[in-house]
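Novice:
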Amino acid sequence: AASLVDFAGAGANRDLLGNVSLQVPMKASASAKSEAIPVWPGTPGTITDVLLIDIPSITTDVPGIATSRCRVLGGGAPCDGPGGSEGEVVITPSARLRNSQHANTTDVPWYRMFSESTSLYPDIGPKVDQHPYLVWNLYRFDPDGSIRQIARSGVKHAFATGNEMCTGYTPYGHVLGPGCSDLYNLTSNDCDRFLGPRSEIIPATGQWGRCGSIQDPDCDGVTEPAIPAGFSCAAAYSSPASDKYSYRLLARETDIDPDLHPDARWFMDAWYVIRDDENIENSMGFRELTLGWQPSFSRWNVVSTGDYAQGAVLDRWLAEAGGSETSYRATFDTPEGHVGVGVRVRRIGAGQFRYDYAVMNFDFARAQTDALTAEPNLRVLGNRGLSGLSVDLLNGAAMASSGFDDGNADAADDWSGAVDSGKWRWDAPGVAGATLDWGQLRFFQITSSSWPGSGSMTLFVADTGMPSSYATTLPVPDGSIGVFGSSFE
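Mapping of the sequence shown onto the working numbering: residues 21 to 509, in sequence order.
(1) Could you compute how far the alpha carbon of L117 sits from the alpha carbon of Q330?
(2) Measuring straight from C-alpha to C-alpha, what distance separates N183 and L71?
(3) Considering only their Cβ atoms, is the gap separating V195 from P396 smaller than 8 Å?
(4) Going by the DSSP bridge assignment, what does V92 pair with across the sheet?
(5) Around the C-beta of S54, are 16 or more other C-beta atoms found within 10 angstroms, so that it is buried, or is it exposed?
(6) If you reduce the DSSP assignment to three classes, tell me which class P260 lands in.
(7) Could you tell me the distance, in whole angstroms, from the CA atom of A416 to the CA atom of S441?
(8) Report, in whole angstroms, the separation of the C-beta atoms of R160 and W291, which I expect to be a contact under 8 Å.
(9) Would you call the CB atoms of S201 and M185 closer than 8 Å?
(10) From the DSSP output, read off the bridge partner residues of T467.
(11) Let me know the secondary structure DSSP gives F214 once reduced to three states.
(12) Would you kindly work out how many angstroms separate the C-alpha atoms of S120 and R367, rounded to a whole number?
(13) Hey, could you find the ends of the alpha helix (DSSP H) V333 is sitting in?
(14) With a threshold of 8 Å on Cβ separation, who are the neighbours of N302 within its own chain once the five nearest residues in sequence on each side are excluded?
(15) Who are G174's beta bridge partners in DSSP?
(16) In the DSSP output, which residue or residues are listed as bridge partners for E308?
(17) Exposed or buried, which one is H122 when buried takes at least 16 other CB atoms within 10 Å?
(18) With burial defined as no fewer than 16 other Cβ atoms inside 10 Å of the residue's Cβ, what is the status of G342: buried or exposed?
(19) Measure from the alpha carbon of R198 to the alpha carbon of each residue in M380, Q372, V128 and R349, then state which is nearest.
(20) Comparing C-alpha positions only, which one of D149, G485 and E106 sits nearest to G95?
(21) Using a 10 Å radius around the Cβ and a threshold of 16 neighbouring Cβ atoms, would you call V533 buried or exposed?
(22) Please report the residue range of the alpha helix (DSSP H) in which T274 lies.
(23) Which residues does DSSP pair with H358 in a beta bridge?
(24) Using alpha carbons as the reference points, say which of V242, L334 and T138 lies closest to N157.
(25) Look at the alpha carbon of S421 and the alpha carbon of I466, and state the distance between them as a whole number of angstroms.
(26) Expressed to the nearest angstrom, what Euclidean distance is found between the alpha-carbon atoms of P64 and Y141?
(27) Would you identify the three-state DSSP class for N381, choosing helix, strand or coil?
(28) Using 8 Å as the threshold, is the C-beta distance between A378 and F463 below it?
(29) Classify L270: buried if its beta carbon has 16 or more other beta carbons within 10 angstroms, exposed otherwise.
(30) Cutting at 7 Å between CB atoms, please list the residues of its own chain near S258, excluding the five before and the five after it.
(31) Can you tell me which residues form a DSSP beta bridge with L409?
(32) Do F424 and W446 have their C-beta atoms closer together than 8 Å?
(33) With 16 as the cutoff for other CB atoms within 10 Å, does D353 come out buried or exposed?
(34) Output the distance between the C-alpha atoms of D100 and W320, rounded to the nearest integer angstrom.
(35) Enumerate in chain order the residues of its own chain whose CB-to-CB distance from T243 is below 8 Å, with the five nearest sequence positions on each side excluded.
(36) Roughly how many angstroms lie between the CA atoms of L93 and G104, to the nearest whole one?
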């Protein structure tokens, strides 16, 4: 088997290693424009912009590793389908990306974990095993107009790039060249060794907290067992990923059963976290899919039913708004990351309006790191996102009811709401996992007899530091507006 570190290439050879199909770059001769002289992100006058251009397939079956994994909660027995014991099923996508191709497009480092001894990144300072990360999520659009994120994966650590469809570039397996494309297939995205938790990543900077991670819990810069030259998907001794469920996307059967959710629609998204990438929203995309239980095979089946669309699934939800609805999109663009907000307002009868707010944390985190560590042995102590949200109730706007949904059935992590000085505010409880962290979506709702006006939404940061909150303007209930309609512009 070929070493992913020692081979440079112009294309990708699909080697079968231990019954697992992986991309292994093929050897090629060097040229003037090649990995030998990379132009790294951050170079003055350059741009870094990697695009997710397709999610070719989505499945519950990953050939070569496992087939249709579904287990009963708490017991581990195989799922018995709708109406039986609640279970969770693994769903995995493939993903294809492409580097932008401008005169000033940079190369992108793609060095496998613990490969800093062969890394050329960065130009100055200690070398780093820098690589992208892939995440994916499952959503349900319900017929009442709500959106729920019902499942999410851990992090897939990229380990090599095939550099396909390049023009005028001699590709290499650990640098993505300008205009080059790469596919991470279903098998690759289920490889035990390269799966881990999102809590180890600082998403806005694309940094990995290797020190103290599941790959290196004792922070000695060594992973055990070592990743062999011939490559292996075998999980690190300290990682639970070998159980074939940990760090995968696990969908509850009751959340994907069409009989329990008539007229609902399901979507899967995926996105790459790339260090120094200038546009996170074109690094993501989504597909619609259908799910169903196959009694004859005792398994869940998933089929892609819609065309691939680049961008945030939040925008697809906004596009579903009816002609009589007000819809609005806002983005919190901060030094700590990005949060997208979608708003839909509609009349629901009896003089009432429903205000739906979908808040999607793309890559916002207040990172906490150990000051005594540095890359490549950085230790991430925390990367929580948001712990509260408030919406103005302008000019004595009336509140009839409120709602919150985090996509799971656990009431212990639900956010509570109350009036707070002319605002309606939700706050996360103090239980683990309740905060709105990166890669997650929460759905908030207000019912009011007041028409929409222009007011503030404020997001409160979970951990200490400044600022403690961020605010933007969007539609909110306004008690000063009468029957002539909304003042929101």
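All C-beta atoms, glycine included, are put in the ideal place defined by N, C-alpha and C.
This structure is a prediction, so every number in the text was calculated from the model and none was measured.
Specialist: So, from the data block:
(1) Along the sequence shown, one-based indexing puts residue 117 at 97. Along the sequence shown, one-based indexing puts residue 330 at 310. Looking at the two C-alpha atoms, the distance is approximately 11 Å.
(2) What you label residue 183 is simply residue 163 of the sequence shown in a count that begins at 1. What you label residue 71 is simply residue 51 of the sequence shown in a count that begins at 1. Roughly 14 Å between the two C-alpha positions.
(3) As a first step, residue 396 is located in the sequence shown; it is residue number 376 there, counting from the start. As a first step, residue 195 is located in the sequence shown; it is residue number 175 there, counting from the start. Going by C-beta atoms, P396 is not nearer than 8 Å to V195.
(4) As a working mapping, residue 92 is identified with position 72 in the sequence shown. Bridge partners of V92: G107.
(5) Here the question's residue 54 lines up with position 34 in the sequence shown. With a pLDDT of 48 at S54, under the threshold of 50, the predicted position of this residue should be treated as unreliable, and no value is reported.
(6) For the purposes of this step, residue 260 is identified with residue 240 of the sequence shown, where counting begins at 1. Three-state DSSP puts P260 in a helix.
(7) Mapped onto the sequence shown, residue 416 falls at position 396. Mapped onto the sequence shown, residue 441 falls at position 421. Correcting the residue type first, residue 416 is Gly in the shown sequence and not Ala. Each residue's Cα considered, the two are about 11 Å apart.
(8) Counted from its first residue, the sequence shown places residue 160 at position 140. Counted from its first residue, the sequence shown places residue 291 at position 271. The pair is not a contact, with the Cβ atoms about 19 Å apart (cut-off 8 Å).
(9) Taking the first residue of the sequence shown as position 1, residue 201 is located at position 181. Taking the first residue of the sequence shown as position 1, residue 185 is located at position 165. Yes, the Cβ-Cβ distance between S201 and M185 is below 8 Å.
(10) Your numbering for residue 467 matches position 447 in the sequence shown. According to DSSP, T467 bridges with R374 and S421.
(11) Counting from 1 along the sequence shown, the entry for residue 214 is found at position 194. Residue state, collapsed to three classes: helix.
(12) By one-based count along the sequence shown, residue 120 stands at place 100. By one-based count along the sequence shown, residue 367 stands at place 347. Distance between the alpha carbons of S120 and R367: 43 Å.
(13) Counted from its first residue, the sequence shown places residue 333 at position 313. V333 to A339 is the extent of the alpha helix (DSSP H) around V333.
(14) Position 282 of the sequence shown, counted from the first residue, corresponds to residue 302. Once the five neighbours on either side are set aside, the close Cβ partners of N302 are D69, L71, L72, Q330 and G331.
(15) In the sequence shown, residue 174 corresponds to position 154, counting from 1. Per DSSP, none; premise fails for G174.
(16) Here residue 308 is taken as the residue at index 288 of the sequence shown, counted from 1. Per DSSP, F287.
(17) One-based indexing of the sequence shown puts residue 122 at position 102. Exposed is the call here.
(18) Counting from one through the sequence shown, the residue named residue 342 turns up at place 322. Its Cβ having fewer than 16 others within 10 Å, G342 is exposed.
(19) Position 178 of the sequence shown, counting from 1, holds the residue named residue 198. The amino acid at residue 198 is misidentified as Arg; the sequence shows Pro. It is V128 whose Cα lies nearest to the Cα of P198.
(20) Translated into the one-based positions of the sequence shown, residue 95 becomes position 75. Closest by alpha carbon: E106.
(21) For residue 533 there is no data in the structure shown, the boundaries of the chain being 21 and 509.
(22) As a position in the sequence shown, residue 274 is number 254, starting the count at 1. Start and end: E273 to I276.
(23) The residue you call residue 358 lines up with position 338 of the sequence shown. According to DSSP, which records beta bridges pairwise, H358 is partnered with D353.
(24) Here residue 157 is taken as the residue at index 137 of the sequence shown, counted from 1. The shortest C-alpha separation from N157 is found at L334.
(25) Sequence index remark: in the sequence shown, residue 421 carries index 401 (1-based). Sequence index remark: in the sequence shown, residue 466 carries index 446 (1-based). Taking the straight line from one Cα to the other gives about 6 Å.
(26) Here residue 64 is taken as the residue at index 44 of the sequence shown, counted from 1. Here residue 141 is taken as the residue at index 121 of the sequence shown, counted from 1. If you take the alpha carbons of P64 and Y141, they lie about 16 Å apart.
(27) Counting from 1 along the sequence shown, the entry for residue 381 is found at position 361. The answer is strand: DSSP assigns N381 an E or B state.
(28) To locate residue 378, count along the sequence shown from 1; it is residue 358. To locate residue 463, count along the sequence shown from 1; it is residue 443. Going by C-beta atoms, A378 is nearer than 8 Å to F463.
(29) Sequence index remark: in the sequence shown, residue 270 carries index 250 (1-based). Buried, since its Cβ has 16 or more Cβ neighbours within 10 Å.
(30) As a first step, residue 258 must be located in the sequence shown, where it is residue number 238. Once the five neighbours on either side are set aside, the close Cβ partners of S258 are I234 and P237.
(31) As a working note, residue 409 is residue 389 in the sequence shown. BP columns for L409 point to W446 and L479.
(32) Reading the sequence shown from its first residue, position 404 is the one you call residue 424. Reading the sequence shown from its first residue, position 426 is the one you call residue 446. Yes, the Cβ-Cβ distance between F424 and W446 is below 8 Å.
(33) Counted from its first residue, the sequence shown places residue 353 at position 333. Exposed.
(34) As a working mapping, residue 100 is identified with position 80 in the sequence shown. As a working mapping, residue 320 is identified with position 300 in the sequence shown. Whole-angstrom Cα-Cα distance: 10 Å.
(35) If you number the sequence shown from 1, residue 243 lands on position 223. Once the five neighbours on either side are set aside, the close Cβ partners of T243 are M133, F134, Q235, D236 and A256.
(36) For the purposes of this step, residue 93 is taken as the residue at position 73 of the sequence shown. For the purposes of this step, residue 104 is taken as the residue at position 84 of the sequence shown. Rounded to the nearest angstrom, the two C-alpha atoms are 11 Å apart.
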